[in-house]
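J.: Here the protein sequences come in this chain order: A and B.
Reminder that position 544 of the first sequence reads as 530 in this note's numbering, one-by-one numbering, no gaps.
Reminder that position 417 of the second sequence reads as 562 in this note's numbering, one-by-one numbering, no gaps.
Before anything else, here's the structure in question.
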Amino acid sequence: MYKSALIFILAASLVACGGSSEKIVEVDPPEIISPDIPVQPAVDHSGLVPLMADVIEKNEYLSGGETTVFVSNKNAFGRKPAAIAEDFQLDGHFTSGDHLFRTPDNNIGPILSTGSCQGCHLNDGRGVVPADPTIPMSSMLVKLADSTGKADPIYGDQIQPFSVDGFIDGNTLAAGLSKHDGSVSGTELYGEAFPFIVFEPITGQYPDGTAYELRNPVYKIKDLSYGAFVDDIHFSARIAPQAFGVGLLGAIPQENLLKLVDENDSDNDGISGRASMVINALDKTGTESKVIGRFTYKAQNPNVLQQVAEAYGGDMGVSTTISSSEPCTDKQLACLLAAEQEAKVGTDVDLSDLSLAFVEFYNRVLAVPARRGFDRDNETWTDEVTAGRTLFFEANCTGCHTARHVTAEAKGSVLGEITLGGLVMPESGETVEAIAVLSNQTIYPYTDLLLHDMGGSCAVTRETSAGLSCSSGAECMYVQRCDGLADGVIQGDASGTEWKTPALWGVGLVQTVNKDSTFLHDGRARTIEEAVLWHDGEAKASKEIFMNYSKAEREQLLTFIESL
Amino acid sequence: MKFSSFSKISAAMIIAFSLTACVDDGDNGVSGAVGAAGADGVAGNSGVSSFVTRDDVIKTNANIAYAAYSDSLISATELKVALETFVADPTDTNFALAKKSWLDSREPYGQTEVYRFRQGPIDELKADGTLGQDDAGEGPEGLINAWPLGEAIIDYVEPVDGLSGPESPANAITDNIIANITAYPTINADTLEGLFEYGEDGRNVTTGYHAIEFLLWGQDLNKDLSGTGTRDNTAGQRPVTDYSIEVGACTSGSNATTDDICTRRGQYLVTTAQLLIDQLKRVTEQWEPVSGSHYTNFVAGGDVSLAKILEGMGRLSFGELAGERINIALIENSQEDEHSCFSDNTHRDIFLNAKGVQNSFNAKYVRIDGEVIEGASIYDLLVVEEQHELANKLRGALEATMSAAAVIDTKAKTGMPFDILIQDGIDQPNIKAVIDALVAQTDDIEAVIDALGVTTNDLRDDTDQEI
């Protein structure tokens, strides 16, 4: 009782703040509610009146608040917000960050997954699954862990399929590929291994009899240059996600996200939701206290700067002051040898803090595309989107895909204030200027940024290309088969079946920005509908509601998602 | 009275008179406290006509746009003739003339870039002849001047700098357009435009000034063609035999190759020169006085158009020129990031871009044939609107930039090109001086926007560039 009364007062005071008068708002005494009837909280995790299934908020079409742009063509994910464009300096910093984001760095390698940020985030959007298994992965990657979540002792936590030789003149990728035992001698440098995906069809049907087909990915890894993986290795193939909106996600107050945690499913909706608590590498206080992870498919990075730095390090082999080592483990002598011969070695990192800060700024402020299906002149939504939204809420998709958040002040870079002449650290007692366009925004990303168990399990075998069991040799591949969404890879707090809820904003434009892009972490879903059908585990109940909708209703729900 | 010299006042008055023939007296310049009414006198206009209006400034700016784009079109037409002559008769002399013609073509074009970043035809002109509003990437700018290049899509490259490829290796084509006869049997406009930004990859640049530059100069590999070691003052050294028409004499750099490769290279040069002409023609026509549709709209646009002028000046000064074209090359110490990296003509790009900003302020442009286009300037307008100090401050800031850019220009012409200047321990202070001056002038441009009470917000839907 005490709790609900308090919430009520909070709600009332919030409403009072919105007005300009000083009139005291009359607060009705809380109604007496029987304890067995679940109470709809008066405010949500952000302190706002909860969204309703059948009422669309006035500004929902502005997915990114003031960071929203009205572009729905192939450039939709690479735009700057108006507030950035209006300011010559911020506009300039965005331009510099954009340049660095799409230009291969001078100091990539020795081993790597791709040569520039845009190399994976194609057109600032998603990566693609290679069209056939002979084409190496260059805009997606494979993470590695043993059954306890530890990195492979030789290969580390990620396969870098290329050596820098593959990037030397732009179109000789093959020169950098891996070769069975090629680098074992310790002198010759090759990419680490060649991962590829073979899809197997799965068929099914809706309760109304409509048939569908999914494609189940089988991960295969061949041509290991440095010898065998550790025995209980697992693989997680990951498509680079679209890059926009991350500055807003980074500015959601941690306490708001933690309010969404329901580890023991105390509300009995079948959905738990755990925070992935990770070390903030940028915290120089030495406390090593953990903060909520927000980025990567298993929420392993707490902020955009750390995410950018680790992508430079792990994906491109570009060292920074934040991620200062080259992507070689101490068992990879050929890689270490090549690293020593790079133009910049040791504490002389590959990418300067100023360049890093430009890329961080660019990435943080990349704008969110506005919703489609909304007529701005008449302020009306199409009937399909309106109906689809209600169906989405009623199926409790919002149990994980939390529609709305608010951001707090988006602090300036910990690297310092950007000027063209260099980074300027604030005087003591002062702070780097916050990024206004990201601060105090109401946004609609459709994610809770929490980990959810999506079900499934995986097994890894050794096989030849003919499918015969093997244990060693050049023909003996690693093969991982899974049912469901599981990858079997433990990362930090995230288990082998848990995934962070991805944001859904802009998802309807993914294939406009890049026609070959597909959905889910490894790109297995060719359409949004397939992606919905892959949901299981905590999302099973919602998926079944979706499947039981009529064909027309399913189309409405998908139209709604397309409009995000 | 900021001017101390009589001749400057006269010059300003002559400009003012020539602009508005109906001005009946020059007394404005000597009124105020020193005029007949003493301390009660009305403030003077420093010799500027009282009749300069915002619309006059806008109209002059449009006239200069037409002149500068026309010059770009004329010089591109001359470039194509020079390229055709060279391809038909690939002598050393004709090769040198072709390169000279390319360098000449850059002179007017560099001064047009101040017309970017302001929702003008260069960024927004769509295929159907209308202007877009949301930068759909449909403007001709990319086809004309996209940079930096992943030049490996066009022709052979030496595997030395590691930076000749696309953003993503997934977007690389097999071999390159010139070498891959099977996939691209015919080098024509459709082939080159079809592969422009292939895979939505901004480095797959197949057309425009810099594609021609690469085909004429080749990669900048230093004197010894090693591409490694200490940078020297040579530009790219593509051999003339890359265009040989003698049987069995065709090369791709230091390697012999089949005759058809040289033929295709020549076809590529001429084709892309024609595409350059086509695109410049579209932009120029938009700016055609009286009849051009953008010209008509722009001169009738009032304060929105005035904001556009200042917008282009500010965004070119800071983000594009000081930031992307100079500072990135400096902090990355990267030849790849210099604007004209094959020909080592970056000093001219910098000078001419800065000059374009100054042109917009002074409302003066010298055409390639020497004719001077001038008229009502922002300077004049500020004086008329009693912002004398600000007028003079921005004039001074632009002058400081031009003098700093002149240093880079001179150093390059005397053996120390931009790619040497950006290196650690060389003459970075020269480069930094230009950046600092551009940053300072941007502040003053912002102050002018405030002082004139024009807002750039109206322009926002918005005007990004995908270079």
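Note that beta-carbon positions come from the ideal geometry of N, C-alpha and C, so glycine has one too.
Can you check which of these residues, A:PHE56, A:GLN466 and A:VAL35, is closest to A:ARG362 by C-alpha distance?
T.: The residue you call residue 362 of chain A lines up with position 376 of the first sequence. Per the Cα distances, A:PHE56.
J.: Using alpha carbons as the reference points, say which of A:LEU322, A:ALA353 and A:TYR430 lies closest to A:ARG375.
T.: Counting from 1 along the first sequence, the entry for residue 375 of chain A is found at position 389. If we check each option's Cα against that of A:ARG375, A:TYR430 comes out closest.
J.: If we call anything under 8 Å between Cβ atoms a contact, is B:TYR413 one with B:ILE523?
T.: Here residue 413 of chain B corresponds to residue number 268 of the second sequence, with the count starting at 1. Here residue 523 of chain B corresponds to residue number 378 of the second sequence, with the count starting at 1. Against a cut-off of 8 Å, the Cβ pair of B:ILE523 and B:TYR413 comes out as no contact.
J.: Report the rounded CA-to-CA distance for B:ARG493 versus B:ASP581, giving the unit in angstroms.
T.: Position 348 of the second sequence holds residue 493 of chain B. Position 436 of the second sequence holds residue 581 of chain B. Distance between the alpha carbons of B:ARG493 and B:ASP581 is about 18 Å.
J.: So what does DSSP say about B:ASP172, is it helix, strand or coil?
T.: Within the second sequence, numbered from 1, the residue matching residue 172 of chain B stands at position 27. Residue placement at B:ASP172 is poorly supported in this model, since its pLDDT is 44, which falls under 50; the coordinates are not used for a value here.
J.: Is the beta carbon of A:LYS44 within less than 7 Å of some heavy atom of the ligand NAP?
T.: Questions concerning the ligand NAP fall outside what the structure shown contains, since it holds no ligand whatsoever.
J.: Can you grab the Cα-Cα spacing for the pair B:TYR510 / B:SER397, in whole Å?
T.: Working through the second sequence from its first residue, we reach residue 510 of chain B at position 365. Working through the second sequence from its first residue, we reach residue 397 of chain B at position 252. Taking the straight line joining both Cα atoms gives about 41 Å.
J.: What are the partner residues of A:TRP367, as DSSP defines its beta bridges?
T.: Looking up residue 367 of chain A in the first sequence gives position 381. Beta-bridge pairing links A:TRP367 to A:PHE360.
J.: Output the distance between the C-alpha atoms of B:THR351 and B:ALA334, rounded to the nearest integer angstrom.
T.: To locate residue 351 of chain B, count along the second sequence from 1; it is residue 206. To locate residue 334 of chain B, count along the second sequence from 1; it is residue 189. In a straight line, the C-alpha of B:THR351 is about 10 Å away from that of B:ALA334.
J.: Going along chain A, which residues have a C-beta under 8 Å from B:ALA467?
T.: Translated into positions along the second sequence, residue 467 of chain B becomes position 322. The contacting residues are GLY78 and LEU406.
J.: Helix or strand or just coil, what does DSSP make of A:PHE230?
T.: Here residue 230 of chain A refers to the residue found at position 244 of the first sequence. DSSP places A:PHE230 in coil when its eight states are reduced to three.
J.: If you draw a straight line from the C-alpha of A:ASP269 to the C-alpha of A:GLY236, how long is it?
T.: By one-based count along the first sequence, residue 269 of chain A stands at place 283. By one-based count along the first sequence, residue 236 of chain A stands at place 250. Roughly 15 Å separates the two Cα atoms.
J.: Got a sec? Which residues, its chain only, sit under 8 Å from A:PHE153 by beta carbon, not counting five neighbours each side?
T.: The count along the first sequence starts at 1 and reaches residue 153 of chain A at position 167. Closer than 8 Å at Cβ, skipping near neighbours: PRO90, ILE94, GLY95, LEU98, GLY101, LEU159 and GLY162.
J.: I'd like the list of long-range same chain contacts for B:ALA545, defined as Cβ closer than 6 Å, with 5 residues on each side in sequence excluded.
T.: The residue you call residue 545 of chain B lines up with position 400 of the second sequence. Taken in chain order, the residues that qualify are ALA582.
J.: According to the Cβ coordinates, are A:ALA226 and A:CYS321 closer than 8 Å?
T.: Numbered from its first residue, the first sequence carries residue 226 of chain A at position 240. Numbered from its first residue, the first sequence carries residue 321 of chain A at position 335. No, these two residues do not count as a Cβ contact at 8 Å.
J.: Would you say A:PHE215 and A:PRO122 are within 8 Å of each other, going by their C-beta atoms?
T.: By one-based count along the first sequence, residue 215 of chain A stands at place 229. By one-based count along the first sequence, residue 122 of chain A stands at place 136. Cβ atoms of A:PHE215 and A:PRO122: not closer than 8 Å.
J.: With A:SER82 as the anchor, note down where its alpha helix (DSSP H) starts and where it stops.
T.: Within the first sequence, residue 82 of chain A is the residue found at index 96, counting from 1. Counting along the chain, the alpha helix (DSSP H) containing A:SER82 begins and ends at 74 to 88.
J.: I'd like to know whether the C-beta atoms of A:TYR198 and A:LEU471 end up nearer to each other than 8 Å.
T.: Reading the first sequence from its first residue, position 212 is the one you call residue 198 of chain A. Reading the first sequence from its first residue, position 485 is the one you call residue 471 of chain A. Against a cut-off of 8 Å, the Cβ pair of A:LEU471 and A:TYR198 comes out as no contact.
J.: What residue does the beta strand (DSSP E) around A:HIS387 start on, and which one ends it?
T.: Mapped onto the first sequence, residue 387 of chain A falls at position 401. Unbroken run through A:HIS387: none, as it is neither H nor E.
J.: Determine whether the beta carbon atoms of B:ILE323 and B:ARG410 lie at a separation below 8 Å.
T.: Stepping through the second sequence from its first residue, residue 323 of chain B is reached at position 178. Stepping through the second sequence from its first residue, residue 410 of chain B is reached at position 265. For B:ILE323 and B:ARG410, yes; Cβs fall inside 8 Å.
J.: Out of A:GLY442, A:LEU342 and A:CYS103, point me to the one whose CA is closest to A:GLU403's CA.
T.: Mapped onto the first sequence, residue 403 of chain A falls at position 417. Out of A:GLY442, A:LEU342 and A:CYS103, A:LEU342 has the C-alpha closest to the C-alpha of A:GLU403.
J.: Name the two residues that bound the continuous beta strand (DSSP E) containing A:LEU409.
T.: Locating residue 409 of chain A in the first sequence gives position 423, counting from the first residue. Unbroken beta strand (DSSP E) run through A:LEU409: 408 to 410.
J.: For the segment 121 to 135 of chain A against the segment 184 to 192 of chain A, do three or more pairs of beta-carbon atoms, one drawn from each stretch, fall closer than 8 Å, so that the two count as touching?
T.: Short answer: they don't touch.
J.: DSSP on A:ILE531, reduced to helix/strand/coil?
T.: Numbered from 1 along the first sequence, position 545 holds the residue referred to as residue 531 of chain A. If DSSP states are grouped into helix, strand and coil, A:ILE531 belongs with the helices.
J.: Mapping DSSP to helix, strand and coil, what is A:ASP110?
T.: For the purposes of this step, residue 110 of chain A is taken as the residue at position 124 of the first sequence. Three-state DSSP puts A:ASP110 in a helix.
J.: Can you give, in chain order, each stretch of the alpha helix (DSSP H) that sits fully within the segment 287 to 354 of chain A and has at least 4 residues?
T.: Here the runs fully enclosed are 290 to 297, 319 to 326 and 339 to 351.
J.: Rounded to whole angstroms, what's the CA-CA distance from B:GLY347 to A:ASN45? Just pull it up for me.
T.: Along the second sequence, read from residue 1 onward, the residue named residue 347 of chain B stands at position 202. Along the first sequence, read from residue 1 onward, the residue named residue 45 of chain A stands at position 59. Going from the Cα of B:GLY347 to the Cα of A:ASN45 covers about 34 Å.
J.: Mind the definition here: the segment 70 to 84 of chain A touches the segment 187 to 195 of chain A only if three or more C-beta pairs lie below 8 Å; say whether that holds.
T.: Taking 8 Å as the limit for Cβ pairs, the verdict is that the segment 187 to 195 of chain A does not touch the segment 70 to 84 of chain A.
J.: In the structure shown, what three-state DSSP assignment does B:TYR329 receive?
T.: As a first step, residue 329 of chain B is located in the second sequence; it is residue number 184 there, counting from the start. It is coil, neither helix nor strand.
J.: Please list, in chain order, the residues of the segment 340 to 354 of chain B that have any C-beta partner in chain A closer than 8 Å.
T.: Under the 8 Å Cβ criterion, the segment 340 to 354 of chain B contributes GLY344, GLU345, ASP346, GLY347 and ARG348.
J.: Among residues of its own chain, excluding the 5 on either side of A:GLN240, which ones have a beta-carbon nearer than 8 Å to its beta-carbon?
T.: What you label residue 240 of chain A is simply residue 254 of the first sequence in a count that begins at 1. Correct list, in chain order: VAL277 and ILE278.
J.: Give a yes or no on whether the C-beta atoms belonging to A:ALA396 and A:SER443 are separated by under 8 Å.
T.: The residue given as residue 396 of chain A occupies position 410 in the first sequence. The residue given as residue 443 of chain A occupies position 457 in the first sequence. Contact: no.
J.: Between B:PRO574 and chain A, is there a C-beta pair that is closer than 8 Å?
T.: Your numbering for residue 574 of chain B matches position 429 in the second sequence. Answer no: the Cβ-Cβ gap between B:PRO574 and chain A never drops below 8 Å.
J.: Go ahead and pull the three-state DSSP assignment for B:THR546.
T.: On the second sequence, position 401 is the one that residue 546 of chain B refers to. Three-state DSSP puts B:THR546 in a helix.
J.: Is it true that the segment 447 to 458 of chain B meets the segment 192 to 204 of chain B, where meeting means three or more beta-carbon pairs spaced less than 8 Å apart?
T.: Yes: the two stretches touch, three or more of their Cβ pairs being nearer than 8 Å.
J.: Quick one, are the C-beta atoms of A:PHE344 and A:LEU86 less than 8 Å apart?
T.: Stepping through the first sequence from its first residue, residue 344 of chain A is reached at position 358. Stepping through the first sequence from its first residue, residue 86 of chain A is reached at position 100. Contact: yes.
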